[in-house]
Amino acid sequence: MVASALLAAALGVAIGAVIGGLGGGGGVLAVPALVYLLHQDAQDATTSSVVIVGITALVGVLSRIRARLVDWRTGAVFAVIGIPVTFLGTALNHAVSQPVLLLSFAAVTLLAAIAMIVDVRAPTDPDPPAGAEGTRPLATVHPPTQRLAGVAVKTVLGAAAVGFLTGFLGVGGGFLVVPVLVVGLRMPMKLAVGTSLLVITLNAIASFAARVPQMDLDWTVVAPFTAAAVIGSLVGRMVAGRLSGTTLTRAFAVLLVVVGVVVGIESVLDLL
Numbered sequence: 017m018v019a020s021a022l023l024a025a026a027l028g029v030a031i032g033a034v035i036g037g038l039g040g041g042g043g044v045l046a047v048p049a050l051v052y053l054l055h056q057d058a059q060d061a062t063t064s065s066v067v068i069v070g071i072t073a074l075v076g077v078l079s080r081i082r083a084r085l086v087d088w089r090t091g092a093v094f095a096v097i098g099i100p101v102t103f104l105g106t107a108l109n110h111a112v113s114q115p116v117l118l119l120s121f122a123a124v125t126l127l128a129a130i131a132m133i134v135d136v137r138a139p140t141d142p143d144p145p146a147g148a149e150g151t152r153p154l155a156t157v158h159p160p161t162q163r164l165a166g167v168a169v170k171t172v173l174g175a176a177a178v179g180f181l182t183g184f185l186g187v188g189g190g191f192l193v194v195p196v197l198v199v200g201l202r203m204p205m206k207l208a209v210g211t212s213l214l215v216i217t218l219n220a221i222a223s224f225a226a227r228v229p230q231m232d233l234d235w236t237v238v239a240p241f242t243a244a245a246v247i248g249s250l251v252g253r254m255v256a257g258r259l260s261g262t263t264l265t266r267a268f269a270v271l272l273v274v275v276g277v278v279v280g281i282e283s284v285l286d287l288l
C-alpha cells in the first residue's frame with residue numbers, strides 16, 4: 017500500500033506538470049499509468065483520472081485568472097455543449113470491454129496528435145502577452161470575417177466531441193480541446209492552455225457526477241496522486257511561462273504520439 021502511494025505521488029508530479037504546462041495531456045498519461053503501473057481496470061482508471069485531472073485543472077485555471085489567460089466565452093460555449101454529451105460518454109464507458117476502451121483511447125490520442133503536427137501556424141500569429149487576451153470574446157480572437165460560420169461549426173463539433181470523450185475515456189478532454197482551439201479556432205497556444213483547463217474542469221465535474229452511483233475509488237492511490245499532481249501543475253505552469261507557444265505545441269504533439277502508440281500496441285495485443 018505504501019509503495020503504491022509513493023508511486024502514485026511520483027506519477028502525479030509528472031502528470032500534473034504536463035497539465036499545468038500544456039493545458040491537457042494529463043489524462044492521456046494518467047489512464048495508462050493507472051492501468052499498467054497501478055493495476056486498476058480501465059473503468060476504475062478512467063474514473064480515478066476524472067478526479068485527478070479535474071482537481072488539477074481547477075488549480076491551473078485559478079493560477080491563470082490573474083494573468084487573464086482564460087477565454088471565458090469560448091470555455092462557456094464548450095461547457096454548455098459538451099456537458100450534456102458527457103453523460104452519454106459515461107454510459108458507454110460502462111458498456112465496453114477494457115481492450116476496446118483502451119484501443120479507442122489510443123486512436124483518439126493519435127488523431128489529436130496528427131492534427132497538431134500537420135497544422136502550420138502563421139508566423140504572424142504570436143503568443144499573447146500576459147493579460148492581453150483573457151477577456152476577448154471569440155469574435156475578436158478570430159476577426160469577424162466569412163470564417164465565423166466555420167468557426168462556429170468547429171466549436172460546436174469540437175465541444176460535443178470533447179464532452180463525449182471526457183465521459184467515455186475519463187481524460188478531461190484537454191488533449192482534444194487544445195488542438196480544436198489552436199488548429200480549428202486559431203487561438204494562440206498560451207491562451208488555449210488556460211481555456212482548455214477551464215473546459216477540463218467543467219467537463220470533469222459533469223463526468224464525476226455521472227459516475228457517482230457506480231463509483232468505487234481507491235483513495236490510497238487517488239489522494240496522493242491528486243495532491244502530487246496539483247504540486248506538479250504549479251511547476252509546469254512556471255516552466256511553460258518560459259517557453260514559446262510553438263515549443264509547447266510541438267511538445268504536446270510528441271507526447272500524444274508516444275502515448276497513443278504505446279497504448280495502441282498494448283490494446284491490440286490484449287485483443288489477440
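Take the position in the sequence shown, starting the count at 1, then add 16; the result is the number in this note's numbering. By construction, the Cβ of each residue, glycine as well, lies at the ideal position given by its N, Cα and C atoms. Computed from a predicted model, the values in this text were never measured in an experiment.
- Within the same chain, Cβ atoms closer than 8 Å to the Cβ of G105 are found at G179, F180, L181, T182, G183, F184, L185 and S223, the five residues on either side in sequence being excluded.
- Per the C-alpha coordinates, the member of A220, G252, L27 and A269 positioned closest to R80 is G252.
- About 5 Å separates the Cβ atoms of V275 and V44, confirming a contact at the 8 Å cut-off.
- Apart from sequence neighbours up to five positions away, the residues of its chain that approach A33 with a beta-carbon distance below 6 Å are G248, V251 and G252, ordered along the chain.
- Across the structure, R202 and V172 are spaced so that their CA atoms are roughly 15 Å apart.
- For the pair of segments examined, the stretch 189-197 was found not to touch the stretch 45-65: the number of CB pairs separated by less than 8 Å stays below three.
- The Cβ atoms of V29 and A245 lie closer than 9 Å to each other.
- About 19 Å separates the beta carbon of A128 from that of L218, a gap too long to meet the 8 Å contact definition.
- According to the DSSP assignment, D60 belongs to the alpha helix (DSSP H) that extends over A58 to I81.
- Separation of the CB atoms of L287 and P115 is rounded to 5 Å, and the pair is thereby assigned contact status at 8 Å.
- Selection L264, A208, R266 and V69 evaluated against F94 yields A208 as nearest (Cα-Cα).
- For V77 against L264, the beta-carbon gap comes to about 17 Å, at or over 8 Å, which does not count as contact.
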